[in-house]
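First the structure, in the form of structure tokens, and then the observations on it.
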Amino acid sequence: MAQRTPLGDADCSIAQALDVVGDWWTLLIVRDTARGLHRFDELQRELGMSRKVLAERLKLLVEAGVLTREPYQERPVRHEYRLTPRGRGLLPVLVALQDWGDSWILGEGGMTATTAEASREAERVHALRGTRLPELLLPDRFGELRDPVADTASTVLYCFPGAYARAESYPPGWAGIPGARGCTFESCTYRDQLAEFTAAGAAVHGVSTQRPDEQREFAEQERLRFPLLSDAELALTAALRLPTFRAAGVTRLKRLTLVLDRDRTVREVFYPVQDIEASVRAALIAARAVGGEAGTAASAASAGTT
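For the sequence shown, counting from 1, position 195 maps to 194 in numbering that gives the first Met the number 0; every step adds exactly one.
What follows is the structure in structure tokens.
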């Protein structure tokens with residue numbers, strides 16, 4: 000069994016939390032279950048740890064109520080491991096660790112809503128091509144839960160730091176944060192070109208970590224005709240390890256765009272976004288390409304049945 004040394008400080012929440020997740024393998028297991036890896040063999044293959052150590056850490060997390068163990072096969076009996084509400088409460092911790100690593104280990108420590116094209120952070124985000132987004136739901140601006148991937152040939156998810164209906168709602172110094180400005184312009188550019196995306200068989204979804212009510216006020220002012228989704232709980236951010244920064248005490252997504260197909264696979268990534276109009280044009284081109292592939296596949300399938 001994993002060796003655990005009680006820290007003895009019953010009144011310190013940090014010490015008590017570390018008694019559960021202080022082992023670095025434990026947080027990596029939480030990270031990968033958030034990414035959609037739920038089965039023992041998947042986790043063992045991804046983490047490269049011994050089966051014995053993995054079994055011990057999974058047992059600890061189940062006992063601590065971080066994971067639940069659910070059967071998915073009867074003969075022989077096999078189980079999946081999924082995050083509980085207590086486990087999902089750790090996602091902001093993981094995102095904060097990633098943000099700290101991006102800023103102080105891989106970066107220079109400055110607050111920024113973007114990155115350099117040749118950075119290791121950009122390399123990590125571009126490696127999302129071919130990744131499948133696990134099934135999850137995000138609240139839209141009315142609080143209704145939605146799948147971020149639409150039932151269309153492709154979905155364009157543009158992630159933005161924050162957009163507000165009132166100028167006084169922006170955090171102090173917002174204009175001075177590299178990459179933070181332009182969220183209203185980006186949303187309105189997608190609004191003005193929405194018919195072209197629709198014609199290409201693409202849905203457009205905007206995503207930020209703002210509250211739904213903040214998004215609703217902004218969307219109504221700018222007359223947006225596509226959903227804005229709130230990742231305030233950081234489920235999407237943790238699932239894809241999207242880059243973040245903190246401003247006014249809030250974790251915010253850096254500006255980037257993903258194009259996914261109907262099967263939830265990331266087909267194209269645009270990061271960093273330095274020219275908003277160019278990025279919207281590029282997303283439209285990528286959406287048309289994915290839609291064209293879907294149409295060709297559908298035609299081939301139809302021909303095969305006649």
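Where is the CB? At the ideal position from N, CA and C, for every residue including glycine.
Could you name the residues of the same chain whose beta carbon sits closer than 7 Å to that of residue i, not counting the 5 residues immediately before and after it, in chain order?
i      : result
Ala1   : With a pLDDT of only 48 at Ala1, under the threshold of 50, the placement of this residue in the model should not be trusted; the figure read from the coordinates follows. Cβ within range, chain order: Asp22, Glu55, Arg56 and Leu59.
Ala281 : Phe269
Cys182 : Phe159, Pro160, Gly161 and Ala162
Leu223 : Ser186 and Arg190
Glu116 : Pro271
Ala179 : Ala112, Pro160 and Trp173
Phe244 : Asp98, Met110, Thr111, Ala112, Arg251 and Lys253
Phe27  : The displayed chain sequence assigns Leu, not Phe, to residue 27. Closer than 7 Å at Cβ, skipping near neighbours: Leu46.
Leu42  : Ile28, Asp31, Leu36 and Leu53
Tyr80  : Thr32, His37, Leu57, Leu66 and Arg68
Ala306 : Absent from the structure is residue 306, since the part of the chain shown begins at 0 and ends at 305.
Among the options, which residue has its Cα nearest to the Cα of residue i?
i      : options                           : result
Phe39  : Cys158, Ala16, Thr67 and Asp18    : Thr67
Ala238 : Leu259, Ile275 and Arg131         : Arg131
Ala286 : Val258, Glu276 and Gln97          : Val258
Gly47  : Trp24, Asp8, Arg145 and Val65     : Trp24
Ala246 : Ala174, Gly86 and Ile13           : Ala174
Arg264 : Arg34, Gln192 and Leu137          : It is worth fixing the name first, because residue 264 is Thr in this sequence and not Arg. The option with the nearest alpha carbon to Thr264 is Arg34.
Pro138 : Ser118, Glu120, Arg210 and Asp262 : Arg210
Pro147 : Thr236, Pro75 and Glu73           : Thr236
Tyr157 : Ala288, Leu283 and Ile13          : Leu283
Pro133 : Arg240, Gln273 and Arg74          : Arg240
Ala164 : His78, Gln192, Glu143 and Arg215  : Arg215
Gly100 : Pro242, Ala288, Arg44 and Glu79   : Pro242
Glu213 : Gln192, Ala149 and Gly142         : Gly142
Leu144 : Ser229, Pro75 and Leu255          : Ser229
Thr256 : Ala296, Ala121, Glu292 and Ser168 : Ala121
Hey, residue i and residue j: beta-carbon distance below 8 Å or not?
i      : j      : result
Leu252 : Val203 : no
Phe225 : Ala162 : no
Gly294 : Ala199 : no
Leu82  : Thr32  : yes
Cys187 : Glu221 : yes
Ala201 : Ser153 : yes
Val311 : Arg50  : No information on residue 311 is available, as it lies outside the stretch 0 to 305 that the chain covers here.
Ala112 : Pro177 : yes
Ala231 : Thr208 : yes
His78  : Pro70  : yes
To the nearest whole angstrom, what separates the beta carbons of residue i and residue j, a pair I think is in contact under 8 Å?
i      : j      : result
Val52  : Leu93  : Not a contact, Cβ separation roughly 20 Å.
Val155 : Phe196 : 7 Å
Leu36  : Arg140 : At roughly 31 Å, the Cβ-Cβ gap does not stay under 8 Å, so Leu36 and Arg140 are not in contact.
Arg128 : Arg266 : 7 Å
Gln119 : Leu96  : Per the sequence shown, residue 119 should be read as Arg rather than Gln. Rounded, the Cβ-Cβ distance is 16 Å, inconsistent with contact.
Arg261 : Thr151 : 7 Å
Cutting at 6 Å between CB atoms, please list the residues of its own chain near residue i, excluding the five before and the five after it.
i      : result
Gln61  : The question names Gln, but residue 61 in the sequence shown is Val. Result list for Val61: Arg68, in chain order.
Ala234 : Leu135
Val19  : Ala63
For residue i, which residues from the same chain have a beta carbon less than 8 Å from its beta carbon, with the 5 sequence-adjacent residues on both sides left out?
i      : result
Gly108 : Ser102
Phe307 : With the chain covering only 0 through 305, there is no way to say anything about residue 307.
His125 : Val268 and Tyr270
Gln192 : Val279 and Leu283
Ala149 : Ala202 and His204
Which full runs of the beta strand (DSSP E) of 3+ residues lie inside the segment 48–121, going along the chain? If you keep only unbroken beta strand (DSSP E) runs of at least 3 residues inside the segment 48–121, you get 66–72 and 77–82.
Ranges of the beta strand (DSSP E) found wholly within the segment 168–198, counting only runs of at least 3: Uninterrupted beta strand (DSSP E) stretches at least 3 residues long and entirely within the segment 168–198 do not occur.
Taking only runs of the alpha helix (DSSP H) that begin and end inside the segment 223–253, which ones reach a length of at least 4 residues, in chain order? Runs of the alpha helix (DSSP H) lying entirely within the segment 223–253 and spanning at least 4 residues, in chain order: 234–239.
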